[in-house]
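>
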Amino acid sequence: MEKGEIREVIYASMRTINEQKDRGDRLELKEDTCLFGRESKLDSLGLVNLIVDIEQRLTDGFGVEISLTDERAMSPENSPFMNVKSLTDYISSLV
Amino acid sequence: MAPKDFKCLLVADFTIDGFAGYLKNDEDFPTVESIVAPFDQVVQVLMDGDLECWKSKPDFAVVWTRPESIIRSFNQVLDYEAVPMAQILKEVDEYASLLAMMSGRVKSVLVPTWVSPPYHRGLGMLDLKTGIGVASTLMRMNLRLAENFDESSNIYLLDTQRWVSVAGKHAFNPKLWYMGKVAFGSDVFKEGVRDVKSALSGIVGGSKKLIILDLDDTLWGGVVGDVGWEGIRLGGHDHLGEAYVDFQRALKSLTKRGILLGIVSKNEEAVAIEAITSHPEMVLRLDDFAGWRINWQDKALNIVDLVSELNLGLQSVVFIDDNPVERARVREALSEVFVPEWPEDKMLYRSTLLGLRVFDTPSISEEDAGRTKMYVLERQRSDLKKTVGSLDEWLRSLDTKIQVEELNKANLQRAAQLLNKTNQMNLTTRRMTELEMADWARQDNHKLWTFRVSDNFGDSGLTGIISLEFEGKVGRIVDFVLSCRVMGRKVEETMLYTAIKGAKSQHLDRIYANYIPTFRNKPCLDFWKTSGFSYNGTDSCFSWELCDEYALPDCIKIEGEKEA
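As they're listed, the protein sequences go chains A and B.
Residues in the first sequence are numbered consecutively from 0, following numbering that gives the first Met the number 0.
Residues in the second sequence are numbered consecutively from 0, following numbering that gives the first Met the number 0.
1. So, is the C-beta of aspartate 12(B) closer than 8 Å to a C-beta in chain A?
2. With histidine 445(B) as the anchor, note down where its beta strand (DSSP E) starts and where it stops.
3. Apart from the five residues just before and just after asparagine 77(A), which ones in its own chain have a Cβ nearer than 8 Å to its Cβ?
4. Out of curiosity, what's the CA-to-CA distance linking lysine 556(B) and tryptophan 527(B)?
5. The beta strand (DSSP E) spanning tryptophan 162(B) covers which residue range?
6. Compare the C-beta of aspartate 194(B) against all C-beta atoms of chain A and say whether one is closer than 8 Å.
7. Please report the straight-line C-alpha distance between aspartate 39(B) and serine 55(B), rounded to a whole angstrom.
8. Can you tell me whether glycine 179(B) is buried or exposed, with buried defined as 16 or more other CB within 10 angstroms of its CB?
9. Do we get a CB-CB distance below 8 Å when we pair leucine 467(B) with the residues of chain A?
10. In the DSSP assignment, find the unbroken alpha helix (DSSP H) run with glutamate 335(B) in it and report its ends.
11. What's the C-alpha gap between glycine 205(B) and aspartate 438(B)?
12. What's the gap between the Cα of leucine 567(B) and the Cα of alanine 289(B)?
13. Per the DSSP calculation, tyrosine 348(B) is bridged to which residue(s)?
14. Nearest CA to the CA of isoleucine 211(B): which residue from Thr497(B), Lys251(B), Leu45(B) and Asp225(B)?
15. For the stretch 49-69 of chain B against the stretch 100-115 of chain B, do three or more pairs of beta-carbon atoms, one drawn from each stretch, fall closer than 8 Å, so that the two count as touching?
16. Select from the stretch 150-170 of chain B all residues with a C-beta closer than 8 Å to any C-beta belonging to chain A, and list them in chain order.
17. What's the C-alpha gap between alanine 582(B) and glycine 191(B)?
18. Please report the residue range of the alpha helix (DSSP H) in which arginine 139(B) lies.
19. So lysine 298(B) packs on leucine 259(B), CB below 8 Å; how close in whole Å?
20. Which chain A residues sit within Cβ distance under 9 Å of leucine 175(B)?
21. Find out if the Cβ-Cβ distance for the pair leucine 417(B), glutamate 433(B) is shorter than 8 Å.
22. Using 10 angstroms around the beta-carbon of glutamine 580(B), count the other beta-carbons present and answer buried if the total reaches 16, otherwise exposed.
23. Are any of the Cβ atoms in chain B nearer than 8 Å to that of lysine 20(A)?
24. Could you compute how far the alpha carbon of phenylalanine 5(B) sits from the alpha carbon of threonine 399(B)?
25. Measuring only the C-alpha atoms, how far is methionine 424(B) from alanine 274(B)?
26. For threonine 15(A), which residues in chain B fall below 7 Å Cβ to Cβ?
27. Suppose only complete runs of 3+ residues qualify. What are the beta strand (DSSP E) ranges in the stretch 19-60 of chain B, listed by chain order?
28. Please go through the same chain and pick out, in chain order, the residues whose beta-carbon is closer than 6 Å to the beta-carbon of leucine 122(B), but skip the five residues on each side of it.
29. Count the other C-beta atoms from every protein chain shown that fall within 10 angstroms of the C-beta of tyrosine 177(B), then say buried if there are 16 or more, exposed otherwise.
30. Within 10 angstroms of its Cβ, does glycine 79(A) collect 16 or more other Cβ (buried), or is it exposed?
31. Nearest CA to the CA of valine 47(A): which residue from Phe246(B), Pro361(B), Glu93(B) and Pro173(B)?
32. Please tell me whether, using a cut-off of 7 Å, the distance from the CB of phenylalanine 148(B) to the nearest non-hydrogen atom of the ligand SAH is below it.
33. In the stretch 174-235 of chain B, which residue ranges form an unbroken alpha helix (DSSP H) of at least 4 residues, counting only runs that do not cross its ends?
34. For the stretch 7-17 of chain B against the stretch 27-35 of chain A, do three or more pairs of beta-carbon atoms, one drawn from each stretch, fall closer than 8 Å, so that the two count as touching?
35. Of the residues that make up the stretch 13-27 of chain B, which ones have a beta carbon closer than 7 Å to any beta carbon in chain A?
36. Considering only the alpha carbon of each residue, which of Asp547(B), Asn310(B), Val329(B) and Glu343(B) lies closest to aspartate 321(B)?
Shown next, in the form of structure tokens:
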């Protein structure tokens, strides 16, 4: 899977999450948008929803079965969810 | 941010924030502000109206629970233990009592039914065995819950299983549950929000009342003007012909729910009418249509004309046409009309129609089932009008009889339906649920009368409401509501006559009415200006001194009242 394709999957999931959020709290579809931590507009529940949505899209669209919820990914240190770019790189390393 | 139309409290035993987000961001009418009750505090929220989440006085509530959480014995069923059904149903009844108790705090309560995830196969091939199966027990529980609210006028069960089916394999995801206590996938929430919005729209009178249809390639295949009625594709041993017949059947079934059908088609009228009356496989005949405009004029103009003839508002209309250009034209010219995207594949017509979410109503009355017939009768009245001389002569020839009743248990449902659906002849456009209406009418200084109208052509049913509130020697007409079906037939004056008579019996000196304008109720103002009540011309207030007589129109007979 190309990184561009992975990024589009992440953006599609971000759009789904945005449908639940107030206008001012919506995630910008940009590579440096924070997904995790104090700078992020996603709370922990939003992050769970995003992760599950991305996993489903990867399975449905590309037949890729990965888990983004293992201990390493969910660790606050060096979390791949820091931003869209780091998550893209992380997924790319798994597929 | 624009204020929302209503507030809705979401009570759940799982994380419902995603549902709340979709609900508040849906911009279709009615817009809703979501209030999420504390997580997993269902019983406390239902029992205690003083909790913080009730402070903002929500208009509606959605109470969504998981069966294993709210019905304790169901857990034993999930563990394959034998539990007496009576015990399970007793717990269901107890839960229903809590919902009923809470329902007094809001206009209406929506309760999604209980489901279990499809990966839970229960007892497999034995799962539908009465008394032991998980699926069997769950069905009984849902039915019992529904039966508890058969007589309720403000608690409605919504079919969660349909949402789960639409969402497919992502309806449930154990990860969502373990990591966020989210019981359903986002597609279930989205589908649920659509049904909740549709229900709320129906409850507040926003459901559609009229489907206007094109003919060629919509009701039948082919262009009747080219091939004649013998050559159109309809029925027979033909997959498309069958699809058109099924589509017509689905349309006809909607008329039994009170939805009217109309035709707006570019055709020669005589040719099209001949097809409708002569083709042996037409399901819809002329008497199934409340009216039609079949000519070569612009469809948008024809729709306006037809809707006006039927005394409806454009916001009540669904327009169905196979031609995307005509759809775009109507959408652009008449933004209030709902024009659904329509599939090119004729075999999808029926399913597309049945999937439309614009016809929900909180009740279906006998009047609904006979509504088309009433419009057909109205057409016959109009035909008679053309043959008799003056308006008064025509009105007298109708021999109109009116039955006046105070609000009671038997007429409450229809009266509430009329109050909440009527837009044009509506003085104040006050909306109330059946419970609110009954409570209001019960008060000592309130009076509410209903009017059932019939004439030589048939019974138009309960079509009018007038209500009076009085203090000291002065009364105020609070509601003045009349169905468009009987407008202009002196029922309006009869309603005022009744209110004045009622006011006199309360020894009042004066009654008045304040007209509250909306986008749709100008016909009401027009009537009041000619009603005989005094009007200062500026502040929309009309009044009547009760020392003066208000005559009953001579073309009207009130049943049970002696003639003067």
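Heads up, the beta-carbon is just placed ideally off N, CA and C, and yes, glycines get one too.
Everything numeric in this text was worked out from a predicted model, so none of it was measured.
So, from the data block:
1. no
2. 445-454
3. none
4. 22 Å
5. Run containing tryptophan 162(B): none in the beta strand (DSSP E); it sits in the alpha helix (DSSP H), 159-166.
6. no
7. 20 Å
8. buried
9. no
10. Run containing glutamate 335(B): none; DSSP gives neither H nor E here.
11. 23 Å
12. With chain B covering 0 to 563 only, the question about residue 567(B) has no answer from this structure.
13. Looking at the DSSP assignment, tyrosine 348(B) forms no beta bridge with any residue, so it has no partner.
14. Lys251(B)
15. yes
16. His169
17. Lying before the first or after the last residue shown, residue 582(B) is absent from chain B, which here runs from 0 to 563.
18. 133-147
19. 18 Å between Cβ atoms; not a contact.
20. Val47, Asn48 and Val51
21. no
22. In the structure displayed, chain B extends from 0 to 563; residue 580(B) sits before or after that span and is not available.
23. yes
24. 40 Å
25. 37 Å
26. Ser185
27. 31-35
28. Gly132
29. exposed
30. The sequence given here places proline at residue 79(A); glycine does not occur at that position. Under this definition proline 79(A) is a buried residue.
31. Pro173(B)
32. Annotation note on the ligand SAH: not contained in the displayed structure, which lists no ligands.
33. 185-202 and 223-226
34. no
35. Thr14, Asp16, Gly17, Gly20, Tyr21 and Asn24
36. Glu343(B)
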